[in-house]
Amino acid sequence: MFDGFEELDLRTTDTVIHGRRGGAGPPVLLLHGMPETHLMWHRVAPRLAERFTVVATDLRGFGDSGTPPSAPDHAPYSMRRIGGEQVELMRLLGYDRFAVVGHDRGARCAYRMALDHPDAVTRLAVLDIVPTGDAYRRADMEFSLGFWLWSFLAAPEPVPERLIARAPDVIVDHMLDTLSELPDAFPAAVRARYVAQLRAPQTVHAICEQYRAAATLDYQHDEADRGNRRIGCPVLVLWSHAGPVAAWYEPLGVWRAWADEVDGCPVAAGHFLPEEAPEETVWHLLGFLT
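Under the working numbering, think of the first position of the sequence shown as 1, with each following residue one higher.
Dropping the structure here:
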């Protein structure tokens, strides 16, 4: 799936981050969402690598990346810590400045990187999200039912960990099939890899800690930055034409409260844009990154 890409396992301050690198040109970092790994970019990364040096990683706690210990305040799994780690990784690879493209949880990491490390992030693309602070600020009954996963995974330990351990395929299949418009967009081997990571208790705990951090520290960091810090680089916003982001928000308006240079549009796909609509996703990214 990643012909011509090299596999990476880089030691950061706290753990080891796994990923792949390929291509030549300006550096671009790709960050995945839930319940995926860097494999979600398998239809997009090779195309981008024709013009860019592409790095696609597993976020800490996902895939083959490490699962460092958490803490009572969940800080090791906050997007501030995870984003800082991705900046550290890119610098280890020799890239002090780079573009970042994130989907779902990876997009939350990406915009936090742009806020906390404006000297590093040159361009930011966020796929099918609004900021965490805005999501929680506007949460209502529709949100609680539609985004039930946010509450379920953020529930106190060990409830979600034990439930997921009994049937990891149920949660992966449910997410991929109900949030997508093209369930066959996920090759069997890729779907199996997404399930396999949830068979590891330490991975499930790390992912739950990330959602617990989202409901506490990530929200607090967004609220502290609201009106005080802005994203200084150009921002591309893409979202599912028929998903919750389109139904509940005016995405460009939300993001323009955080950045001055924002553009974007809906994509004819479900939540998993890079896997369901790779050609359109690549087209938008090439236009933005070039």
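Where a beta carbon is used, it is the ideal one built from N, C-alpha and C, also for glycine.
inquiry  = Buried or exposed, going by whether 16 or more other CB atoms sit within 10 Å of the CB of residue 72?
reply    = So residue 72 ends up on the exposed side.
inquiry  = What does the alpha-carbon distance come out to for the pair residue 178 and residue 258?
reply    = 30 Å
request  = Please report how far the alpha carbon of residue 275 lies from the alpha carbon of residue 115, in whole angstroms.
outcome  = 27 Å
query = Who are residue 57's beta bridge partners in DSSP?
reply = 19, 31
message = Counting beta carbon pairs with one atom in the stretch 261 to 281 and one in the stretch 13 to 24, are three or more of them shorter than 8 Å?
response = no
query = Where does residue 239 sit, in a helix, a strand or coil, going by DSSP?
reply = DSSP, reduced to helix, strand and coil, places residue 239 within a strand of the structure shown.
message = So, for residue 70: in the same chain, excluding its five sequence neighbours on each side, which residues have a beta-carbon less than 8 Å away from its beta-carbon?
response = 76, 77, 205, 206, 209
message = Looking at residue 99: is its Cβ nearer than 8 Å to the Cβ of residue 127?
response = No, these two residues do not count as a Cβ contact at 8 Å.
message = Give me, in chain order, the residues of the same chain whose beta-carbon lies closer than 7 Å to that of residue 89; leave out the 5 immediate sequence neighbours on both sides.
response = 10, 12, 17, 57
request  = Classify residue 96 as buried or exposed, calling it buried when 16 or more other Cβ atoms lie within 10 Å of its own Cβ.
outcome  = exposed
ask   = Taking one C-beta from the stretch 191 to 199 and one from the stretch 45 to 56 each time, how about it: are there three or more such pairs within less than 8 Å?
value = no
query = With burial defined as no fewer than 16 other Cβ atoms inside 10 Å of the residue's Cβ, what is the status of residue 40: buried or exposed?
reply = Buried, since its Cβ has 16 or more Cβ neighbours within 10 Å.
query = Considering residue 169, what are the terminal residues of the beta strand (DSSP E) in which it resides?
reply = Careful: residue 169 lies outside any beta strand (DSSP E), inside the alpha helix (DSSP H) at 168 to 178.
message = Measuring only the C-alpha atoms, how far is residue 143 from residue 55?
response = The straight-line gap from Cα to Cα measures roughly 33 Å.
For residue 153, the nearest candidate out of 176, 232, 171 (CA to CA) = 171
ask   = So which of 51, 32, 36 has the shortest CA-CA distance to residue 286?
value = Closest option to residue 286, Cα to Cα, is 51.
request  = Could you name each continuous beta strand (DSSP E) segment of 3 residues or more that falls completely within the stretch 90 to 172, going from the start of the chain to the end?
outcome  = Complete beta strand (DSSP E) runs here, min 3: 98 to 103, 121 to 127.
query = Do you know how far the Cα of residue 42 is from the Cα of residue 2?
reply = 6 Å
request  = Establish whether the CB of residue 122 and some CB of chain C are separated by less than 8 Å.
outcome  = The structure shown has no chain C; it contains just one protein chain.
Span separating the alpha-carbon of residue 131 from that of residue 200 = 29 Å
query = From which residue to which residue does the beta strand (DSSP E) around residue 322 run?
reply = The requested residue 322 is not part of the displayed model; the chain covers only 1 to 290.
key: Assigned secondary structure, residue 291 (DSSP; H/G/I helix, E/B strand, else coil)   = There is no way to answer for residue 291, as the model of the chain reaches only from 1 to 290.
ask   = Excluding five sequence neighbours on each side, which residues of the same chain lie with their C-beta closer than 6 Å to the C-beta of residue 261?
value = 234
inquiry  = So for residue 259, helix, strand or coil by DSSP?
reply    = strand
Reduced DSSP category for residue 285 - H, G, I as helix; E, B as strand; rest coil = helix
ask   = In the DSSP assignment, what are the bridge partners of residue 267?
value = Its beta-bridge partners are 240.
Pairwise C-alpha distance: residue 112 and residue 157 = 26 Å
message = Less than 7 Å between C-beta atoms, sequence neighbours within five positions excluded: which residues of the same chain meet that for residue 82?
response = 59, 60, 109
query = For residue 202, does the count of other Cβ atoms within 10 angstroms reach 16, so buried, or fall short, so exposed?
reply = exposed
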